[in-house]
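Below is one structure, written out as structure tokens, with a few remarks after it.
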Amino acid sequence: MSEHPTESLAAFALGVLDASEATIIAAHLRRCAGCRAEVEQFQQVVGLLPYSSPPQQPPAHIKQQLLARIRVMQPETVIPPAPRPQPWLRAALLLLLVVLVGLGAYAFRPIPDAAQPAVVAFLASPQTIGHPMQSSQPGVYGTMYLQHGQRRVVLVVQGLAPPVAGRVYQCWFAAQDRAVPLRTFTVDDSGTAELMIDIPQPVDSYHQVMVTIEQAGGSQTPGSQVVLSAPI
Amino acid sequence: MAGLGSLPGMGSPAGDEALLARVVAGDDRALEQLYDRYAGLIYSLALRISGSADLAEDIVQETFWRVWRRAATYRGLRGQVSSWIISIAHHLAIDERRRQRTRPVPVYDQDDRPVLRELEDQHSDISDTVLADERQRLISTALASIPPEQREVIDLAYFRGLSQREIAGRLDLPIGTVKTRVRLGLQKLRDALEAQGFVLEDLAD
Chain A
3 MSEHPTESLA AFALGVLDAS EATIIAAHLR RCAGCRAEVE QFQQVVGLLP
53 YSSPPQQPPA HIKQQLLARI RVMQPETVIP PAPRPQPWLR AALLLLLVVL
103 VGLGAYAFRP IPDAAQPAVV AFLASPQTIG HPMQSSQPGV YGTMYLQHGQ
153 RRVVLVVQGL APPVAGRVYQ CWFAAQDRAV PLRTFTVDDS GTAELMIDIP
203 QPVDSYHQVM VTIEQAGGSQ TPGSQVVLSA PI
Chain X
423 MAGLGSLPGM GSPAGDEALL ARVVAGDDRA LEQLYDRYAG LIYSLALRIS
473 GSADLAEDIV QETFWRVWRR AATYRGLRGQ VSSWIISIAH HLAIDERRRQ
523 RTRPVPVYDQ DDRPVLRELE DQHSDISDTV LADERQRLIS TALASIPPEQ
573 REVIDLAYFR GLSQREIAGR LDLPIGTVKT RVRLGLQKLR DALEAQGFVL
623 EDLAD
């Protein structure tokens, strides 16, 4: 076909053609520099449309979450492998692995237990309450974000030093008679960690949350080095 | 080369390319700089298309995540880094908007979230804000200058993600008329922008 589809070039650039028509136009564009130049001009015009709205800055935690998500992919912040893997730690590591693999193919569909977009949504939800945590160490800050009656929380910590070799940080929730061990974690070189934690019972059935330093691989009972704690 | 919409003091196309090359090399500080330059634009686009602050926040994050993960794929494309980032965000936002049609989601009235209106970006100074306002004024003026029926189809296509078939159905017009309005509208918009001093990049071989 030697005629040029001039009527459809703008529509192609704007993305309103159906798939079969777009395919035909695309094939023509591969052969025709003149039409291709016109489409590219239209595409530049279309690309300016977003600038017609005034820019609005997103909340700062979006950038924090993004950078945390990126840095968790980098070798320095991988959770150290346990010398004696325990079932729950293996499950937590497996969950993290599944999340990381899932994030690579993330196509903006809800993925069960997808960490970072769910963390963002959780933090932004009107039902979420933040509990500041106390620390004996200066410069260490933590906040436990929770929703009443729910079994999922988000822990955000800042200012923690990376644990020494062979140690990790670990979260605990304490009920009447026992402390429930939960995930271990480390921090990036800015001392920050943001974690989503699933707990066995609704959060209101616990009376305290804390972060301790434990041997790599975690522990079943909390040690004495409590870094952060808060009553619930 | 002077790209479309480049104004003095803006993140230059050459600067963006250098940043993206560093992103390909795994430099997350370079990604952070691209975020600082474009997150405001992406967020306002996502707000406009999705109508929800929660969704817009997710779209911003997912957009820059994809920039991080797919930076190497940009190398083979033509056009500016900013256009590539915008196209990622636009695609995500339209997809999400189409998904919302089958699953109604409460739309947050922005007045309930006043913190979103604050310009929190410590990296922008007065000159960036003035240029952003100027650019927005130029483009809005150009858009306002084209006939309303042409502006309407462009709006339905770009900000609502409708196909020509859906636009034709909604406005009760033949598809050919929709195509013509798109063509005339984009031509007039192009002419209005050039009249205000925008230079279209010559990408011809």
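Quick mapping for you: the protein sequence lines, in order, are chains A and X. Read in our numbering, the first sequence has 97 at position 95, and its numbers run on one by one without any break. Read in our numbering, the second sequence has 607 at position 185, and its numbers run on one by one without any break. For every residue, glycine included, the Cβ atom is placed at its ideal position computed from N, Cα and C.
Given 8 Å, three or more beta-carbon pairs between the segment 164-184 of chain A and the segment 123-132 of chain A: No: fewer than three Cβ pairs fall under 8 Å.
Backbone CA spacing between X:Ala461 and A:Leu68 [nearest angstrom]: Each residue's alpha carbon lies about 12 Å from the other.
The segment 609-624 of chain X contacting the segment 41-49 of chain A, beta-carbon criterion three pairs below 8 Å: Verdict: yes, contact present.
Cα-Cα separation between X:Gly437 and A:Asp179, rounded to whole angstroms: C-alpha separation (whole angstroms): 59 Å.
Contact residues within the segment 33-51 of chain A, judged by C-beta distance below 9 Å to chain X: Flagged, chain order: Ala35, Gly36, Arg38, Ala39, Glu42, Gln43, Phe44, Gln45, Gln46, Val47, Val48, Gly49, Leu50, Leu51.
Boundaries of the alpha helix (DSSP H) in which A:Thr186 is found, first to last residue: Counting along the chain, A:Thr186 sits inside no alpha helix (DSSP H); it lies in the beta strand (DSSP E) bounded by residues 181-187.
DSSP state of A:Pro204 mapped onto helix, strand, coil: A:Pro204: coil per DSSP, three-state reduction.
Simplified DSSP state of A:Ala176, which is helix, strand or coil: The answer is strand: DSSP assigns A:Ala176 an E or B state.
Euclidean distance between Cα positions of X:Glu571 and X:Gly448: One C-alpha to the other measures close to 46 Å.
Counted within 10 angstroms of its Cβ, other Cβ atoms place X:Val552 as buried (16 or more) or exposed: By the neighbour-count rule (16 or more Cβ atoms within 10 Å), X:Val552 is not buried but exposed.
Assigned secondary structure, A:Thr145 (DSSP; H/G/I helix, E/B strand, else coil): Strand at A:Thr145.
CA nearest to the CA of X:Asp575, picked from X:Ala590, X:Trp487, X:Ser562: Per the sequence shown, the amino acid found at residue 575 of chain X is Val instead of Asp. Taking only the C-alpha atoms, the option nearest X:Val575 is X:Ala590.
Identified DSSP bridge partners for A:Val156: Residue pairing by DSSP puts A:Val156 in a beta bridge opposite A:Tyr147, A:Met198.
Three-state secondary structure assigned by DSSP to X:Ala443: Residue state, collapsed to three classes: helix.
Within-8 Å CB hit, X:Glu454 to chain A: Chain A, which has a Cβ nearer than 8 Å to the Cβ of X:Glu454, makes this yes.
Neighbour-count burial assignment, X:Arg459, 16 or more Cβ in a 10 Å radius: So X:Arg459 counts as buried.
Simplified DSSP assignment, three categories, for A:Gln43: If DSSP states are grouped into helix, strand and coil, A:Gln43 belongs with the helices.
Cross-chain neighbours of X:Ser466 in chain A, by beta carbon under 8 Å: The contacting residues are Pro52, Ser55, Pro56, Pro57, Gln58.
Residue nearest to A:Ala167 in terms of C-alpha spacing, selected from A:Val48, A:Gln136, A:Glu40, A:Gln217: For A:Ala167, the nearest C-alpha among the options comes from A:Gln217.
Residue range of the unbroken alpha helix (DSSP H) whose run includes X:Ser509: For X:Ser509, the enclosing alpha helix (DSSP H) stretches over residues 503-522.
X:Leu615 beta carbon near the ligand GTP (any heavy atom closer than 7 Å): For the ligand GTP, the structure offers nothing, since it holds no ligand at all.
Inter-residue spacing [alpha-carbon to alpha-carbon] between A:Val103 and X:Arg492: Residue placement at A:Val103 cannot be trusted, given a pLDDT of 45 that sits under 50; the coordinates are not used to answer.
Coil, strand or helix - X:Leu456 by DSSP: In the three-state reduction of the DSSP assignment, X:Leu456 falls in the helix class, which pools H, G and I.
Under 9 Å from the C-beta of A:Val122: neighbouring residues of chain D: Checking the listed chains, one finds no chain D in this structure; the protein chains it contains are A and X.
Below-8 Å beta-carbon distance, A:Ser22 vs any chain X residue: When Cβ-Cβ separations below 8 Å define contact, A:Ser22 makes no contact with chain X.
Contacts of X:Gly462 in chain A (Cβ-Cβ under 7 Å): Neighbours of X:Gly462 on chain A, chain order: Pro57, Gln58, Gln59.
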